[in-house]
Amino acid sequence: MRLRRAAAVLAALWMQAAVAQTDLAALNQGALDRFVAGDTAGAAEIAEQALAAARARPDADPNARATAFNNLAFLLSTALDSPGRAEELWRESLLYMGKTGHTAHPANLTTMVQLGEHLARRGQADQARTLLERAMRLARETDLQGAVAAALTRFYLDTGAYPQAVVALTEVTLTQPELIEGVYGDLYTRLSQLIETAEGDGRWQDVVPLIEGKLLVLRRYYPLDNRDQAMRNLMFNRYFALVQIGDYDRARSQILVWKATGTLSQDEQDFVRNMRDIALPLAEGANINTLERLETVRMAALFALAVDDTADPRLALALRTIATAEGYFGQHDRVEDTLRQGIALLERSEQGRRHLHLLYDDLAWAAYLRGDPDRAETLFARSDAAQQAAQALGPDPEAPLDLA
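Going by mature numbering (1 follows the signal peptide of the UniProt record, and there is no 0), the letters in the sequence shown line up with residues -20 to -1, 1 to 384, in that order.
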């Protein structure tokens, strides 16, 4: 008899809890329905009822309980101009969910994202970043991975952390690409606007990842008939930005991909010829007397070097002229890289090897001027050996002018 009574009591308690949880879920849904319908005041009224119910029932379903806090806090933050109380509610919910072992619960991840975005709007970017990045770590391998990554993408774009934004955007496209499907046009436009601003400010280090973000959106979402040429244009723009920040290895790799992804249009062929026409006369020496001129000829030479398949030694000798100007303008960290690119090109042909000693000689002097006499001595020895090898090839009918 006692067992039957106990069972009846337990059954009654379970039924009451189930009804309570159902009521709380219904209140949450009612608040959402009113909000979607544009009735903010009605949504807030029901959300207040849901909050009271959640606090009165600590055994309520964690998802329903946290959702009640989230709904009202979101309304207070975004529509009712009560940010202080909103933050208090979110933090109360986080504390409860943490104490009860529900930190990685989907509703708690939602709380973390909403509070993070709230803090960002309030100018507390450091706190927001910490919270959003923690949510991202917890969300991986869950159904909310893409949604949290999308929130993190927005935050990074808003705060100028563009490389991180591209990483987060990549995570969205790999896990829940449908989250971007309906807004990819707006995202693409925003990236374009950020690029335009960064270019105008000369922030080329920001332009590079922003272009990578546009390429990601193009590859995943744009229709095929509009995509390929747009991607080629972006690849070229990325090459240009990489040149501006002095990342010549990546710039060369990018322009090689650009060249390989399609047949050059007439305009592109004309551009290639123009770059060669700028670069090749430098083989005979030139007076590069302004930094603007140096940037122009350097980009032209590197472009011609990337797209030229003939191992024309004149391009290497043009790089030698550029290296001389780099030293003149105090860009000593670039001199060696430029000369070594020229040396690598000269090594590819017999005609090129006739001139190796000139670039090794310049490289040796650069080492000496940097205070490295031992390395300079080694390079002078290489220059002498290269000159002897060149003499063994016989006379060069078109020997270049030695400006050393």
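Every residue gets a Cβ at the ideal spot worked out from N, C-alpha and C, and that includes glycine.
{"Asked": "Closest to Thr133 by C-alpha separation, out of Gly193, Asp317 and Gly103, would be which residue?", "Found": "Gly193"}
{"Asked": "Counting C-beta neighbours from all protein chains within 10 Å, is the total for Ala361 16 or more, i.e. buried, or is it exposed?", "Found": "exposed"}
{"Asked": "Below 6 Å CB to CB, which residues in the same chain sit around Ala131 once its five sequence neighbours on both sides are set aside?", "Found": "Val93"}
{"Asked": "Could you tell me if Asp292 is buried or exposed, where buried requires 16 or more neighbouring beta carbons within 10 angstroms of its beta carbon?", "Found": "buried"}
{"Asked": "Using a threshold of 9 Å, state whether the C-beta atoms of Asn8 and Ala44 are closer than that.", "Found": "yes"}
{"Asked": "Three-state secondary structure (DSSP) at Gly180?", "Found": "helix"}
{"Asked": "With a CB to CB cut of under 6 Å and the five nearest residues on each side skipped, what residues in its chain are close to Arg232?", "Found": "Ala286"}
{"Asked": "Is Asp342 near Thr304, with beta carbons less than 9 Å apart?", "Found": "yes"}
{"Asked": "Starting from Thr243, trace the alpha helix (DSSP H) in both directions and tell me its first and last residue.", "Found": "Counting along the chain, Thr243 falls outside any alpha helix (DSSP H), and DSSP gives it neither H nor E."}
{"Asked": "I need the boundaries of the alpha helix (DSSP H) containing residue 385, first residue and last residue.", "Found": "This structure cannot speak to residue 385, because the chain is shown only from -20 to 384."}
{"Asked": "Do you know how far the Cα of Thr301 is from the Cα of His312?", "Found": "14 Å"}
{"Asked": "Leaving out five residues before and five after His98 in sequence, what residues of the same chain have Cβ atoms less than 6 Å from its Cβ?", "Found": "Ser57"}
{"Asked": "How far does the alpha helix (DSSP H) with Phe135 in it reach, from first residue to last?", "Found": "Gln125 to Thr139"}
{"Asked": "Give the DSSP-derived three-state secondary structure of Ser329 in the structure shown.", "Found": "coil"}
{"Asked": "With H, G and I counted as helix, E and B as strand and the rest as coil, what does DSSP make of Arg334?", "Found": "coil"}
{"Asked": "Quick check: Leu95 and Arg120, are their CB atoms within less than 9 Å of each other?", "Found": "no"}
{"Asked": "Can you tell me whether Ala372 is buried or exposed? The criterion is at least 16 other CB atoms within 10 Å of its CB, across all chains shown.", "Found": "exposed"}
{"Asked": "My guess is that Tyr142 and Pro189 are in contact by the Cβ rule of under 8 Å, so how many angstroms apart are they, rounded?", "Found": "4 Å"}
{"Asked": "Return the chain-ordered list of same chain residues with a C-beta closer than 6 Å to the C-beta of His82, the five sequence neighbours on each side being excluded.", "Found": "Pro42 and Asn88"}
{"Asked": "I'd like the list of long-range same chain contacts for residue 440, defined as Cβ closer than 6 Å, with 5 residues on each side in sequence excluded.", "Found": "What is shown of the chain runs -20 to 384, which leaves residue 440 out entirely."}
{"Asked": "Taking all protein chains shown into account, decide if Gly126 is buried (16 or more other Cβ within 10 angstroms of its Cβ) or exposed.", "Found": "buried"}
{"Asked": "Excluding the 5 residues preceding and the 5 following Ala370 in the sequence, name in chain order all residues of the same chain whose CB lies nearer than 8 Å to its CB.", "Found": "Arg333, Arg334, His335, Leu336, His337 and Asp376"}
{"Asked": "Only counting runs of 3 or more residues, tell me where the beta strand (DSSP E) segments fall wholly within the segment 179 to 264, in order along the chain.", "Found": "none"}
{"Asked": "Under 7 Å Cβ to Cβ from Ile191, same chain only, skipping five residues before and after it: list those, please.", "Found": "Ile175, Leu214, Asn217, Arg218 and Ala221"}
{"Asked": "Would you please state the rounded distance, in angstroms, between the beta carbons of Phe283 and Ile235? I believe it to be under 8 Å.", "Found": "6 Å"}
{"Asked": "Taking a contact to mean a Cβ-Cβ separation below 9 Å, would you say Ala266 touches Ala281 in this structure?", "Found": "no"}
{"Asked": "Could you tell me the distance, in whole angstroms, from the CA atom of Thr90 to the CA atom of Tyr168?", "Found": "26 Å"}
{"Asked": "Which of the three DSSP states, helix, strand or coil, is assigned to Ser363?", "Found": "helix"}
{"Asked": "Does DSSP put residue 396 in a helix, a strand or coil?", "Found": "Any property of residue 396 remains undetermined from this structure, which presents the chain solely from -20 to 384."}
{"Asked": "Going by the CB atoms, is the gap between Ala148 and Met116 shorter than 9 Å?", "Found": "yes"}
{"Asked": "Starting from the C-beta of Met211, find all residues in its chain whose C-beta is less than 8 Å away, skip the five residues before and the five after it, and write them out in chain order.", "Found": "Leu195, Leu198, Arg199 and Thr241"}
{"Asked": "If you follow the alpha helix (DSSP H) that Gln156 is in, where does it begin and where does it stop?", "Found": "It is not in any alpha helix (DSSP H) - Gln156 carries neither H nor E in the DSSP assignment."}
{"Asked": "Let me check understanding here. Comparing Cα to Cα, which of Thr318, Arg314 and Gly307 lies closest to Ala298?", "Found": "Thr318"}
{"Asked": "With a threshold of 8 Å on Cβ separation, who are the neighbours of Ala366 within its own chain once the five nearest residues in sequence on each side are excluded?", "Found": "Arg333, Leu336, His337 and Tyr340"}
{"Asked": "Return the residue from the list Asn51, Asp3 and Ala34 that minimises the CA-CA distance to Ala21.", "Found": "Asn51"}
{"Asked": "Which first and last residues belong to the alpha helix (DSSP H) in which His98 is found?", "Found": "Pro86 to Arg101"}
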